[in-house]
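Participant: Sequences listed follow chains H and B, in order. Going by this note's numbering, the letters in the first sequence line up with residues 4 to 345, in that order. Going by this note's numbering, the letters in the second sequence line up with residues 416 to 835, in that order. Would you mind keeping the following structure in view while I ask a few things?
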Amino acid sequence: MKKKEEETSNRPDNTAFTQQRLPAWQPMLSAGIVIPGFVVIGLAFIGVGVALFVTSQSIQVLERDYTAGDESSDHNCSLCVNEASCLCAVHFTLVQQFEGPVFFYYGLSNYFQNHRKYGVSRDDYQLSGDTSYFTDPQDYCVPYQYDSKNRPIVPCGSVANSIFNDTFKLYQIVGGQRKQVPFDGKGISWWTDYNLKYRNPSLVDGSLAKAFNGTVKPVNWPRAVYELDTSDASNNGFLNQDFLVWMRRAALPDFRKLYRRITEGEYEKGLPVGNYSLEINYNYPVRGFGGRKKVFFSNVTWMGGKNQFLGIAYLVIGSLCIFMSLVMLIVYAKYRFPDEDS
Amino acid sequence: MDSNSVPGHHTPTASPGSYCTHTFLSIQSWATANQEYGFIIDGATLSLVLNPSPDANSSRYKSLFLQICQNCCAVLCCRMAPLQKAQIVRMVKNSKGSPITLSIGDGANDVSMILEAHVGIGIKGKEGRQAVRNSDYAIPKLKHLKKLLLAHGHLYYVRIAHLVQYFFYKNLCFILPQFLYQFFCGYSQQPLYDAAYLTMYNICFTSMPILAYSLLEQHICIEVLMDNATLYREVAKNAMLRWGPFVYWTILGVFQGLLFFFGVRYLFSNPALQDNGQVFGNWSYGTIVFTVLVFTVTLKLALDTRHWTWINHFVIWGSLAFYVFFSFFWGGIIWPFLRQQRLYFVFANMLSSVSAWLVIILLILLSLLPDILLLVFRKPKSHAQQKKPRSPAAGGPQSPQASARPLLMRTFSDESNTVI
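Quick look at the structure:
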C-alpha cells in the first residue's frame with residue numbers, strides 16, 4: 004500500500020496541459036480552400052482598387068508654388084525676395100468648374116516639422132491652460148522659454164514660435180471687378196484638439212488678454228496669442244484653428260496643412276469657371292533653408308485627398324493574387340491528372 | 416539486415432594496434448559492398464586502445480578505433496569501467512563534426528558517462544538513484560526513451576528554434592521602419608512610434624503568442640512522430656537554425672519592414688486622409704505603421720501554428736484585441752503624468768479614415784504573401800509513413816505518402832503537413 008502511494012506521489016501531473024493532450028484543431032489547407040481564397044481576395048482587391056483609382060482620378064487639384072525667387076508667369080511673388088511683409092498675388096484660370104466643397108491647403112517642403120528637438124520644444128501644460136506654467140515654462144522650450152528681458156513666453160517653444168504666418172485672400176475676377184471668395188476657417192483642426200486637448204486659461208475679469216498678464220508673445224509672432232484673430236473672438240488664445248493645425252506636427256518634410264474651406268454663399272457648389280487671383284501676405288521666410296511654399300486647392304472624397312498610390316497598389320496586388328491562383332490551378336491540374344491516370 | 420560483427424576481444428599475443436589497422440582496412444574494403452557492421456569490444460581491450468603505452472604507433476590506435484566505430488552501424492562495448500564509458504563518449508564528442516551525444520544509464524557506474532554526454536538520461540530503476548540525480552532527464556523505464564526522443568525532443572527543438580528565429584524577426588521588422596524614418600526626419604532620432612508603443616511592443620503585444628507556441632506547438636502530432644522514427648532526421652544537425660532558415664527569416668523581416676514604412680510613406684504623400692479634409696500628423700503615421708506591424712507579426716505566427724489549442728486562440732486573438740484596446744485606452748484619456756499628450760485620440764482618428772483602413776489591410780496581406788505562397792508551394796522534406804490513416808473521403812485509396820503531399824495535391828482526408 005505504502006509503496007503504491009509513494010509511486011503515485013512521484014508521478015508528474017496528468018493533466019491535458021502538462022501531458023500535451025489538449026484538444027486541438029490542425030489546419031488542413033488544401034487546394035480546394037486556397038485557390039478559391041486567392042481568387043476571392045484578388046477580385047475584392049481589384050474591386051477596391053478600381054474604386055480607389057476612379058475616385059482619385061475624379062479629385063481635382065490645383066497646385067501653385069509661390070516661393071519668392073522664381074520668375075513665373077503665374078505669380079509675382081519674386082517681388083518678395085526679402086521675404087518680409089510683402090504682398091503678392093498668384094493668378095490662375097479655371098476652365099472647368101471646381102467641384103465644391105473646395106479645400107485650400109498651404110504646403111511647405113524641406114521643412115522638418117518632424118525633427119526631434121523641434122518637436123519636443125513645446126509645453127503641453129501651458130497649452131492645456133495650466134497657468135502655473137505661464138510664469139515658469141518648461142525647460143524643453145529653450146531657447147524660446149524666456150525672452151531677452153527674462154519674461155516667460157506663452158506659448159513657449161520652437162513649434163509655436165515657427166507658426167506659419169502667410170495669409171491668403173481669394174478673389175474671383177468677374178467683369179474686371181474683384182469679388183472676394185469667402186473662406187471658412189472653422190473645423191480645420193481635429194475636433195479633439197479644439198475641444199479637449201488644448202484649453203485656454205480661465206478668463207480674468209472676463210478677458211482673455213488679462214489671463215496672459217505677465218507673459219510675452221513668442222519672438223517671431225506679430226501679435227500675441229490672445230489676439231491672433233481680430234475678427235472672431237472665439238478663435239483666440241490657444242484655441243485658434245490655425246495655431247492648432249500648425250501644432251500638429253507633420254510626418255514628412257514635404258507636407259501640406261489645411262488652411263481654409265470654401266463652403267459659403269454662391270461658392271458652396273464649387274468655384275465656377277473664370278479667372279482668379281489669390282492675394283498673399285508673404286511673411287514666412289523659407290529660402291534660407293531651401294524650402295518651398297505652395298498652395299493647393301482640392302476636393303475631398305471618402306478616401307481623403309488625391310493619391311494614386313492606394314488605387315494602383317490595390318490593383319497590382321489584386322492582379323497578383325489572381326495570377327497566383329492561376330499558377331496554382333495549373334500546378335494542381337498538371338500534377339493531379341497524371342496521378343489519376345496511373 | 417545483413418551485418419557482420421567484428422569481435423575486438425583481447426588476445427595476449429596480438430598487439431592492439433596492428434589488429435585495429437587490419438580490422439579497419441578490412442571494413443573499408445567491405446564497406447563498399449553495402450554491408451552493415453557491428454563491433455564488439457570489451458573493457459580490457461579498450462583500455463589498451465585508449466590508454467596506450469608510450470609507443471610511436473600508439474597514438475594512432477585511438478583514431479583508428481574511432482574510425483572503425485564510425486563505420487559500423489552499432490558498437491557494443493562490454494565490461495567497461497565507468498571512466499571508460501566517459502572516455503568513449505568524449506571520444507565521439509570530439510570527433511569530426513562534433514556530434515551531439517546522448518547517454519542513458521541506470522546505475523552508479525553510468526554516472527560519469529551521463530555527465531560527459533551532451534544529454535544525459537537516467538533511468539530510475541533497481542540500481543538506485545545515482546544515475547537519476549546526475550542526469551538531465553530521468554525516466555522510469557528504458558522504453559520511455561522513445562517518446563522522450565522522438566516526440567518530446569523533436570517538438571522541443573522545433574519550438575525553441577522557431578522561438579529564436581521569431582524573436583529576431585519581429586524585432587527586425589519593428590526597428591527597420593524606425594531606422595528608415597531617420598532619413599526623413601533630418602537624422603534627428605525622432606521616434607516613429609510613441610513611447611508607450613515602444614515600451615509595450617515586445618512584452619505586451621507580441622510575447623504571449625510565441626510563448627503559447629513554444630509550449631504547445633505540435634507541427635506533427637505526437638502519434639505520427641512516434642510511429643515514424645525517420646522524421647527525427649528532419650531536425651538533425653541543427654537544421655532549423657542553420658544559415659538557410661536564418662537568412663530566410665532575416666530577409667522576411669527586412670522585406671516587411673521596408674513594406675510597412677514605404678507603404679505608409681507613399682500614402683502620406685498627401686496627408687489629407689480624412690473625408691473632412693483634415694491632415695494627419697507624425698504620430699498618426701507611426702501609429703499606422705505600428706498597427707500594421709503588430710498585426711503582421713501576430714498573423715505570421717498564426718500562419719506558422721499548426722496545432723491550435725484554446726490557449727493559442729486566446730493569446731493570438733487576445734493579443735490583437737489587447738493592442739486595440741490599449742490604443743483606445745491610452746489615446747482616450749489625457750494622462751496628467753505625461754509631459755506631452757502625443758497620442759491623444761490618434762488611434763481613434765486613424766480608424767475614422769477609410770484610406771488608413773485600406774492601407775493597413777493591403778500591407779498586412781502583402782507582408783504575409785511570401786509566407787502564404789511558401790506554405791502552398793513547399794514540398795515536404797520526407798515521406799512519412801502513415802500507420803493510422805483517417806477514413807478516406809473523396810480521394811480514393813490513400814497512398815502511404817498522403818500526409819506528405821504538397822498542399823495543392825491534398826484532399827481533405829490528408830493529415831497535417833510539416834513546417835520549416
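All C-beta atoms, glycine included, are put in the ideal place defined by N, C-alpha and C.
Pick helix, strand or coil for N284 of chain H, following the three-state DSSP scheme.
Facilitator: Indexing the first sequence from 1 puts residue 284 of chain H at position 281. Reduced to three states, the DSSP call for N284 of chain H is strand.
Participant: Work out the CA separation of Q148 of chain H and G701 of chain B for me, nearest whole Å.
Facilitator: Within the second sequence, numbered from 1, the residue matching residue 701 of chain B stands at position 286. Within the first sequence, numbered from 1, the residue matching residue 148 of chain H stands at position 145. The straight-line gap from Cα to Cα measures roughly 29 Å.
Participant: Rounded C-beta distance between W750 of chain B and D609 of chain B? I'm assuming under 8 Å.
Facilitator: What you label residue 750 of chain B is simply residue 335 of the second sequence in a count that begins at 1. What you label residue 609 of chain B is simply residue 194 of the second sequence in a count that begins at 1. With 8 Å as the limit, W750 of chain B and D609 of chain B do not qualify as a contact, their Cβ atoms being about 12 Å apart.
Participant: Please name the residue, chosen from H:L82, H:D77, H:T134, that lies closest to T96 of chain H on a Cα-to-Cα basis.
Facilitator: By one-based count along the first sequence, residue 96 of chain H stands at place 93. For the residues H:L82, H:D77, H:T134, the minimum Cα distance to T96 of chain H belongs to H:D77.
Participant: How about H722 of chain B and E649 of chain B: are their beta carbons less than 9 Å apart?
Facilitator: Against the second sequence, residue 722 of chain B aligns to sequence position 307. Against the second sequence, residue 649 of chain B aligns to sequence position 234. Result no, Cβ atoms of H722 of chain B and E649 of chain B do not sit closer than 9 Å.
Participant: Near N384 of chain H, what residues of its chain come up, given a Cβ to Cβ distance below 7 Å and the 5 sequence neighbours on each side ignored?
Facilitator: Past the boundaries of the shown model lies residue 384 of chain H; chain H is included only from 4 to 345, so the question cannot be answered.
Participant: Give me the residue from B:L591, B:L667, B:T724 with the minimum Cα distance to V704 of chain B.
Facilitator: The residue labelled residue 704 of chain B in the question sits at position 289 within the second sequence. Out of B:L591, B:L667, B:T724, B:L591 has the C-alpha closest to the C-alpha of V704 of chain B.
Participant: Less than 9 Å between the C-beta atoms of Y287 of chain H and D169 of chain H, yes or no?
Facilitator: For the purposes of this step, residue 287 of chain H is identified with residue 284 of the first sequence, where counting begins at 1. For the purposes of this step, residue 169 of chain H is identified with residue 166 of the first sequence, where counting begins at 1. It is a contact, given that the beta carbons lie within the stated cut-off.
Participant: By how many angstroms is the C-alpha of L656 of chain B removed from the C-alpha of Y407 of chain B?
Facilitator: Nothing can be reported for residue 407 of chain B: it is not among the residues displayed for chain B, which extend from 416 to 835.
Participant: Rounded to a whole number of angstroms, what is the C-alpha to C-alpha distance between T614 of chain B and L766 of chain B?
Facilitator: Reading the second sequence from its first residue, position 199 is the one you call residue 614 of chain B. Reading the second sequence from its first residue, position 351 is the one you call residue 766 of chain B. Going by the C-alpha atoms only, they are around 22 Å apart.
Participant: Does DSSP put V298 of chain H in a helix, a strand or coil?
Facilitator: Taking the first sequence and counting its residues from 1, one reaches residue 298 of chain H at position 295. Here V298 of chain H sits in strand by DSSP.
Participant: Can you name, in chain order, every residue of its own chain whose Cβ lies under 7 Å from the Cβ of T720 of chain B, other than the five neighbours on each side?
Facilitator: Residue mapping note: residue 720 of chain B aligns to position 305 of the second sequence, counting from 1. Excluding residues within five positions, the ones whose Cβ falls inside 7 Å are Y628, E632, N727.
Participant: Just the C-alpha distance for V222 of chain H and C89 of chain H, rounded to the nearest angstrom, thanks.
Facilitator: On the first sequence, position 219 is the one that residue 222 of chain H refers to. On the first sequence, position 86 is the one that residue 89 of chain H refers to. For V222 of chain H and C89 of chain H, the distance between alpha carbons rounds to 19 Å.
Participant: Beta carbon of N117 of chain H, beta carbon of A254 of chain H: below 9 Å?
Facilitator: Taking the first residue of the first sequence as position 1, residue 117 of chain H is located at position 114. Taking the first residue of the first sequence as position 1, residue 254 of chain H is located at position 251. Contact flag set, yes.
Participant: So is C80 of chain H buried or exposed if we call it buried at 16+ other beta carbons inside 10 Å?
Facilitator: Against the first sequence, residue 80 of chain H aligns to sequence position 77. By the 10 Å Cβ count, C80 of chain H comes out buried.
Participant: Please work out which residues of its chain come closer than 6 Å, Cβ to Cβ, to G52 of chain H, disregarding the five sequence neighbours upstream and downstream, and give them in chain order.
Facilitator: What you label residue 52 of chain H is simply residue 49 of the first sequence in a count that begins at 1. So the list reads G314, Y317, L318, G321, once near-sequence residues are dropped.
Participant: Counting only C-beta atoms, is F241 of chain H closer than 9 Å to chain B at any point?
Facilitator: Counting from 1 along the first sequence, the entry for residue 241 of chain H is found at position 238. Output row for F241 of chain H: interface = no.
Participant: State yes or no: is the C-beta of Y663 of chain B within less than 9 Å of the C-beta of I625 of chain B?
Facilitator: Counted from its first residue, the second sequence places residue 663 of chain B at position 248. Counted from its first residue, the second sequence places residue 625 of chain B at position 210. No; because the gap between Cβ atoms is not below 9 Å, this pair is not in contact.
Participant: Could you name the residues that DSSP lists as bridge partners for Q175 of chain H?
Facilitator: In the first sequence, the residue the question calls residue 175 of chain H occupies position 172. Note: Q175 of chain H sits in a beta bridge opposite H:K182, H:Y279.
Participant: Quick one: what's I519 of chain B bridged to in DSSP?
Facilitator: Position 104 of the second sequence, counted from the start, is the residue given in the question as residue 519 of chain B. Beta-bridge pairing links I519 of chain B to B:I536.
Participant: Determine, for P26 of chain H, whether the minimum Cβ-Cβ distance to residues of chain B falls below 9 Å.
Facilitator: Your numbering for residue 26 of chain H matches position 23 in the first sequence. Yes, because at least one Cβ of chain B sits closer than 9 Å to the Cβ of P26 of chain H.
Participant: Could you name the residues of the same chain whose beta carbon sits closer than 8 Å to that of P555 of chain B, not counting the 5 residues immediately before and after it, in chain order?
Facilitator: On the second sequence, residue 555 of chain B is found 140 positions in, with the first residue counted as 1. Same-chain partners within the cutoff: I538, K539, G540.
Participant: So if I threshold CB-CB distances at 8 Å, which residues from the region 277 to 310 of chain H count as touching chain B?
Facilitator: S301, V303, T304, W305, M306, G307, G308, K309, N310
Participant: Interface residues of chain H around Q604 of chain B at Cβ under 8 Å?
Facilitator: The count along the second sequence starts at 1 and reaches residue 604 of chain B at position 189. The answer, in chain order, is R119.
Participant: Could you spell out where the alpha helix (DSSP H) holding R263 of chain H opens and where it closes?
Facilitator: Counted from its first residue, the first sequence places residue 263 of chain H at position 260. No alpha helix (DSSP H) holds R263 of chain H; the beta strand (DSSP E) holding it covers 258 to 265.
Participant: Pick from H:Q23, H:G294, H:D16: whose alpha carbon is nearest that of W725 of chain B?
Facilitator: Counting from one through the second sequence, the residue named residue 725 of chain B turns up at place 310. Nearest of H:Q23, H:G294, H:D16 to W725 of chain B, Cα basis: H:Q23.
Participant: Evaluate C487 of chain B with the Cβ neighbour count: other Cβ atoms within 10 Å of its Cβ, from every protein chain shown; 16 or more gives buried, anything less gives exposed.
Facilitator: Sequence index remark: in the second sequence, residue 487 of chain B carries index 72 (1-based). C487 of chain B should be labelled buried.
Participant: Which one of B:I776, B:V791, B:D786 has the shortest CA to CA distance from I44 of chain H?
Facilitator: Numbered from its first residue, the first sequence carries residue 44 of chain H at position 41. Among B:I776, B:V791, B:D786, the Cα nearest to that of I44 of chain H belongs to B:I776.
Participant: How many angstroms separate the CA atom of A236 of chain H from the CA atom of S768 of chain B?
Facilitator: If you number the first sequence from 1, residue 236 of chain H lands on position 233. If you number the second sequence from 1, residue 768 of chain B lands on position 353. So the alpha carbons of these two residues sit roughly 31 Å apart.
Participant: Could you tell me whether the Cβ atoms of D127 of chain H and L753 of chain B are closer together than 9 Å?
Facilitator: The residue labelled residue 127 of chain H in the question sits at position 124 within the first sequence. The residue labelled residue 753 of chain B in the question sits at position 338 within the second sequence. In contact: D127 of chain H and L753 of chain B (Cβ atoms closer than 9 Å).
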